[in-house]
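Participant:
2 protein chains.
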Amino acid sequence: MSKATIGDVAKAAGVSKKTVSRVLNNEPGVRKETRDAVTTAIQKLDYIPNLNARRLRTKQSYLIGVLYIDYPTNFYGSLILNGAIKACDKLGYDLLIRPFASENPAGEITTTLRHMVERSNVDGFIVVPPLCEDQAVIAALEETGTPIVKIASLDDTSSYCLHSDEVEGAQLAVEHLINLGHSKIGFLNYLVGHAAGKWRYEGYQQALTKYGIEENPDWVAQFVYGENTLEQACRKLLCQENRPTAIFTANDASAAVVYRIASQLKLRIPYDLSVVGFDDDPAALNLWPPLTTIKQPVAELGYNAATILIEQIIRHQAKWELPLSPSELVVRNSTGPLLE
Amino acid sequence: MSKATIGDVAKAAGVSKKTVSRVLNNEPGVRKETRDAVTTAIQKLDYIPNLNARRLRTKQSYLIGVLYIDYPTNFYGSLILNGAIKACDKLGYDLLIRPFASENPAGEITTTLRHMVERSNVDGFIVVPPLCEDQAVIAALEETGTPIVKIASLDDTSSYCLHSDEVEGAQLAVEHLINLGHSKIGFLNYLVGHAAGKWRYEGYQQALTKYGIEENPDWVAQFVYGENTLEQACRKLLCQENRPTAIFTANDASAAVVYRIASQLKLRIPYDLSVVGFDDDPAALNLWPPLTTIKQPVAELGYNAATILIEQIIRHQAKWELPLSPSELVVRNSTGPLLE
DNA sequence: CTGAAAGCGCTTACAG
DNA sequence: CTGAAAGCGCTTACAG
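Residue numbers (our numbering), protein chains in the order written: chain A, 401 to 740; chain B, 401 to 740.
#1: On the DSSP letters alone, give me the boundaries of the beta strand (DSSP E) that tyrosine 560(A) sits inside.
#2: In chain B, what lies closer than 7 Å to aspartate 494(A) by C-beta?
#3: Note down, one range per segment and in chain order, each alpha helix (DSSP H) of at least 4 residues found wholly within the region 624-678 of chain B.
#4: For the alpha helix (DSSP H) that contains asparagine 704(A), what are its first and last residues?
#5: Across the region 420-433 of chain A and the region 479-496 of chain A, are there enough close Cβ pairs to call them in contact, namely three or more that are closer than 8 Å?
#6: Can you give me the start and stop residues for the beta strand (DSSP E) that glycine 524(B) sits inside?
#7: Which residues, in chain order, does the region 438-459 of chain A contribute to contact with chain B at a C-beta distance below 7 Å?
#8: In whole angstroms, what separates the C-alpha of glycine 407(B) from that of serine 416(B)?
#9: Unbroken alpha helix (DSSP H) runs of length 4 or more, entirely within the region 427-498 of chain B: which are they?
#10: Among His594(A), Gly581(A), Thr707(A), which one has its Cα closest to the Cα of proline 670(A)?
#11: Show which residues of chain A have a CB atom less than 7 Å away from the CB atom of alanine 656(B).
#12: For the region 658-677 of chain A, which residues have a CB atom closer than 7 Å to at least one CB atom of chain B, in sequence order?
#13: Using 8 Å as the threshold, is the C-beta distance between proline 697(A) and serine 559(A) below it?
#14: Indicate the three-state DSSP secondary structure (helix, strand or coil) for leucine 370(A) in the structure shown.
#15: Which residues in chain A have a C-beta closer than 9 Å to the C-beta of isoleucine 694(B)? List them in chain order.
#16: Can you tell which of Gly545(A), Glu533(A), Ile585(A) has the C-alpha that lies nearest to the C-alpha of leucine 554(A)?
#17: Of the choices Pro449(B), Leu451(B), Arg422(B), Asn450(B), whose alpha-carbon is the least far from that of alanine 437(B)?
#18: Measuring alpha carbon to alpha carbon, tell me which residue in Pro690(A), Val676(A), Ala506(A), Ile551(A) is nearest glycine 483(A).
#19: From the beta carbon of serine 559(B), is the nearest beta carbon of chain A less than 8 Å away?
#20: Given this structure, state the Cα-to-Cα distance separating glutamate 614(B) from proline 737(B), to the nearest angstrom.
#21: Could you check what DSSP says for isoleucine 551(A) in three-state terms: helix, strand or coil?
#22: Taking one C-beta from the region 655-669 of chain B and one from the region 622-640 of chain B each time, how about it: are there three or more such pairs within less than 8 Å?
#23: Please confirm whether phenylalanine 678(A) and alanine 570(A) have their CB atoms less than 8 Å apart.
#24: Kindly indicate which three-state DSSP category serine 727(A) falls into: helix, strand or coil?
#25: Taking Cβ positions only, does asparagine 482(A) come closer than 8 Å to chain B?
#26: Which residues in the same chain have their Cβ closer than 6 Å to the Cβ of valine 620(A), if we skip the five residues on either side of it in sequence?
#27: Smallest Cα separation from methionine 516(B): which of Pro499(B), Asp680(B), Asn504(B), Leu685(B)?
#28: Please compile the residues from chain B whose C-beta is within a distance smaller than 9 Å of the C-beta of proline 682(A).
#29: With distances taken between CB atoms, is the gap from phenylalanine 525(A) to threonine 546(A) smaller than 8 Å?
#30: Report yes or no: is there a C-beta of chain B within less than 8 Å of the C-beta of proline 499(A)?
#31: Who pairs with glutamine 622(A) in a beta bridge, going by DSSP?
#32: Relative to the alpha-carbon of threonine 405(B), which residue among Asn426(B), Ala536(B), Asn452(B), Tyr611(B) has its alpha-carbon at the smallest distance?
#33: Assign isoleucine 613(A) to one of three DSSP states: helix, strand, or coil.
#34: By Cβ distance, which residues of its chain are closer than 8 Å to cysteine 634(B), with the 5 residues on each side in sequence left out?
#35: In the DSSP assignment, what are the bridge partners of lysine 695(B)?
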């Protein structure tokens, strides 16, 4: 493998190690000819800098931590990871992942952060929802003094926070239903307490307002942990005399429950009931008929999160005016025109 | 954060840096009193060794790479990661993950491995199925001279290879059906070319043999990439005069297709058709009725893989006689007694 | 059982 | 625009 050191390159190029270092780090103040000679020597010797030596000297690890809650169908987390890895590859960083148990994530946080910051010397953190809603976790993170980027978090006061345009995505979903002739449109919220749930509900309301449709509280149901079940919330919507003809759910997982309850009630999708989900969750791919849903550019969020974080690490204060990434309506077969 | 160095500890304990180093690394040949003095100093100073200094000196990175194919519902991969992280935490290592695109994974491999081995100095690799079936990937890996542990691979000649007892798991599934009175039992294989598909088919055959049931080729169907679709394979089983009364599928994803085709054919599960899957895939959780399936200890595999790999890295040749981890039958509602 | 010296391969701080 | 020296914080190789 790679044996050559910066000293070998320096000798081959007839310069000092410091000059090679300058070339490696794209520092200014090297004559073009010198730079070329160094570059040639690097290529000839197949030289790759020793990252561990650089780590020791610069006191940076070139490692960024990704913190997320681990649950079985967490496609969102994997997409974030994929995007973040792409950015890391480009910028010379690596990713250290850290899944937390879904019960009591804050319980392990102190030990874990100490481990990551002091032992592995992580330079910064990306926090994936819903973990970024956990105040204890965020507080512990901020105490380390390490840069943080949060994704889709309600509280964007203290650190960088990124998200796609979820409100607009929800509007897209509801407008799609309105355009199909529906006006009795329900909303089933699975994500109470998450930024996503809040934004998607806002989008629902804004779309109704835009078309002059009044919100009917009987057609809005929420699953609140410890109070009811998602099934109960869904039955509340569907088991009433004057029930909605279409339902927009805060995520695809809730849409799956709507499918099941609808089937029990002999409501045929999309003829008796149109359903739109949110997320384009691959776990919903075996739903039949295929679910109309909203797709967000999640990997792009991960990419941007890593890029901003690294920028923050290097330049200490990065300013970013990132446009909200647009969401997209994916029309499949769970939505149809209002029938008489 | 952590400021104290090994020199500070040495001074505080009244010994040399080397002796502190000995204590840190649990090397023999330190008097108990000396060791205690060092331990006390370490605690008093809240000392944490600088991993990057150790990395530079020992030419190890204490990083292990996990290579897997990235597809949307890869719960198997996340479970492997979780298990591997547990082992790494215990043994002082960290994980570097590397998802490959599902199309042409070997295409990126050379660049990527060079990146991981030469830049990040990864000490070893865990390869997750089905990536470990890719000869080009394995060849490139072996060329790096880095230790490898493969999980559930067909080819276990060249490197360490771990798997759970998949054959027995499949037997469990088929015996469950036989015990319910079924003898016309079909097998739908989605995983042709994977070790898992092969082993699960073997288990199917062995269970039939054990109960003196002859295998009927009409009741075995395989999805082969480029030849047919999974739907077609499934229809072959279900659209025949003398069709099986129960189907064992090589994974839960195929079971979902059986559900859909069965519903189209007005076959009610479990009354007209019993279905057993394999994997306990959380993506199958919104199947109705809930799917009977086989659950493997996947996180345990990940834990063992990391442990063995690190043992190999440290001691260079580890011998492990690991018992195959047992699979488990999870009975839900997709299987029922044979009805007349 | 313990320690003094050297060095891993870079970058920092400084000098010219 | 370029370089010689020092040092990041450990462990290796050796001596006693």
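Ideal Cβ positions, reconstructed from N, Cα and C, are used throughout, including at glycine.
Facilitator: So, from the listed chains and residues:
#1: 560-562
#2: Leu496, Ser520
#3: 630-638, 652-664
#4: 698-715
#5: no
#6: 524-527
#7: Ile448, Leu451, Asn452, Ala453, Arg455, Leu456
#8: 8 Å
#9: 432-445, 451-458, 475-491
#10: Gly581(A)
#11: Asn686
#12: Arg660
#13: no
#14: For chain A, the structure presents residues 401 to 740; residue 370(A) sits outside this window and is missing.
#15: Those do not exist, as isoleucine 694(B) stays about 16 Å from chain A at its closest Cβ, beyond 9 Å.
#16: Glu533(A)
#17: Arg422(B)
#18: Ile551(A)
#19: no
#20: 20 Å
#21: strand
#22: yes
#23: yes
#24: coil
#25: yes
#26: Phe587
#27: Pro499(B)
#28: Tyr471, Pro472, Thr473, Ala683
#29: yes
#30: yes
#31: Asn589(A)
#32: Asn452(B)
#33: coil
#34: Leu588, Ala621, Ser654, Val657, Val658, Ile661
#35: Glu728(B)
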